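67 is the number of the first residue of the sequence shown in this note's numbering; add one for each residue after it.
Note that beta-carbon positions come from the ideal geometry of N, C-alpha and C, so glycine has one too.
Just so we're clear, the structure is a prediction, and the values are computed from it rather than from any experiment.
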Amino acid sequence: MSETAVDAFEDVNVDAVQDRLLTWYRENHRDFPWRETEAAYEILVSEVMSQQTQLGRVVDAWHDFLDRWPTVEALADADRADVVGFWTDHSLGYNNRAKYLHEAAGQLVTEYDGQFPEDPEELQELMGVGPYTANAVASFAFNNGDAVVDTNVKRVLYRAFGVPDDDAAFEAAASRLMPEGESRDWNNAIMELGGVACQKTPRCDEEGCPWREFCEAYRSGDFTAPDVPTQPEFEGSRRQFRGRVIGALREHGPLELDDLGPRVRVDYVPDGEYGREWLRELVTDLEVDGLAELDGEVARLKR
Ligand code: SF4
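Next comes the structure, spelled out in structure tokens:
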């Protein structure tokens, strides 16, 4: 693993990071039908379709495709023109993907007796299946993949743990974080986090991001990322102050409100507009979200 990836997790409780994300995913994830199946063929179809099309739009196409060609053998037997026609009718992007998918089905039937290989390396032997798709199929069908690194995952790792904008560092950090033998749920979960909460304009509180207490961007208020070069707009800066509360409590432990205040705002004055009452409200909000607690005048991180 690269040094930079080691540094990124030096002060991080990796077990807690893993637990929080998996729990959030299992409780909150969007229901896509391909997440309910472990059939490699059905997963491959969903992956190829979603390469260029929004996930919401893929759902109907995916159902229609599997109604028409329910097995890899059925697809291999199909007329290529019909498969390409289906692709065009459903606005699924480049027709080449349909051709490759049909070709891959043929390979699976003739070379693999209709059985998918379970290893990402071997899956790449299939026509049109690159490293990303191979790993997705290995993860979601066989729970046998490596950590996925796509733009969403990079954005999350960069913001949350300060992983530098470097492919090797992202790879190493993503691998370090993935719990052993959990590639199915983990890869789904971290991509879901990037797609739902850690979007270009992040929705940290709105989506109840499970990494808020660990996240450097949440603490600092700097939400730039490799694919977000300038600071995204927010309705207000409340999120930034919430992040600073978490950061200060993490760094210093429990603090009286009046000791915490100046660490959150330079213009903190106990009886001022942005004083004790304002801070109390902020910490109470964090309490509702299960991130902090207020005991009289003392704020602390939720244990
Ligand atoms: S707290 Fe916000 S910025 Fe940090 S990982 Fe979560 S969604 Fe992304």
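Bridge-paired residues (DSSP) for residue i
i, result
"residue 322", "364"
"residue 396", "As shown, the chain starts at 67 and ends at 369. That puts residue 396 outside it, with no answer to give."
"residue 359", "366"
Straight-line gap, residue i to residue j (C-alpha atoms, nearest Å)
i, j, result
"residue 301", "residue 170", "Confidence at residue 301 is low in this model, with a pLDDT of 48, below 50, so the placement of that residue should be treated as unreliable; the coordinate-derived value is given next. Rounded to whole angstroms, residue 301 to residue 170 spans 48 Å at the Cα level."
"residue 67", "residue 234", "Caution applies to residue 67, whose pLDDT of 49 falls short of 50 and renders its modelled position unreliable; the value that the coordinates give is listed next. Taking the straight line joining both Cα atoms gives about 9 Å."
"residue 252", "residue 269", "20 Å"
"residue 80", "residue 240", "12 Å"
"residue 264", "residue 143", "42 Å"
"residue 150", "residue 134", "13 Å"
"residue 192", "residue 237", "24 Å"
"residue 140", "residue 166", "15 Å"
"residue 355", "residue 271", "8 Å"
"residue 224", "residue 249", "20 Å"
"residue 131", "residue 111", "8 Å"
"residue 123", "residue 88", "26 Å"
"residue 346", "residue 323", "7 Å"
"residue 159", "residue 116", "10 Å"
"residue 340", "residue 298", "24 Å"
"residue 102", "residue 95", "12 Å"
"residue 285", "residue 311", "8 Å"
"residue 146", "residue 189", "22 Å"
"residue 155", "residue 99", "21 Å"
Residue i: CB within 7 Å of a non-hydrogen atom of the ligand SF4
i, result
"residue 198", "no"
"residue 284", "yes"
"residue 268", "yes"
"residue 304", "no"
"residue 86", "no"
"residue 98", "no"
"residue 278", "yes"
"residue 294", "no"
"residue 222", "yes"
"residue 226", "yes"
"residue 263", "yes"
Range covered by the alpha helix (DSSP H) that runs through residue i
i, result
"residue 283", "282-286"
"residue 156", "Careful: residue 156 lies outside any alpha helix (DSSP H) and carries neither H nor E."
"residue 111", "106-115"
"residue 138", "138-143"
"residue 237", "233-243"
"residue 133", "121-134"
"residue 253", "249-258"
"residue 216", "No alpha helix (DSSP H) holds residue 216; DSSP gives it neither H nor E."
"residue 172", "161-178"
"residue 347", "342-354"
"residue 103", "First-last for residue 103: undefined, no H or E at that position."
The ligand COA heavy atom lying under 7 Å from the CB of residue i
i, result
"residue 289", "You won't find the ligand COA in this model; what it holds is the ligand SF4."
Interface flag, residue i vs chain B, CB-CB below 8 Å
i, result
"residue 341", "Of the chains in the structure shown, none is chain B; there is only one protein chain."
Flag this pair as touching only if the segment 284-294 and the segment 121-135 have three or more C-beta atom pairs under 8 Å; answer yes or no. no
Can you find at least 3 beta carbon pairs, one from the segment 175-193 and one from the segment 220-230, that sit closer than 8 Å? Under the three-pair Cβ rule at 8 Å, the segment 175-193 does not count as touching the segment 220-230.
Taking 8 Å as the threshold, find out whether the segment 101-115 comes into contact with the segment 182-200 through three or more Cβ pairs. yes
Quick check: the segment 274-281 against the segment 200-213, are there 3 or more CB pairs under 8 Å? The segment 274-281 makes no contact with the segment 200-213; the number of CB pairs closer than 8 Å stays below 3.
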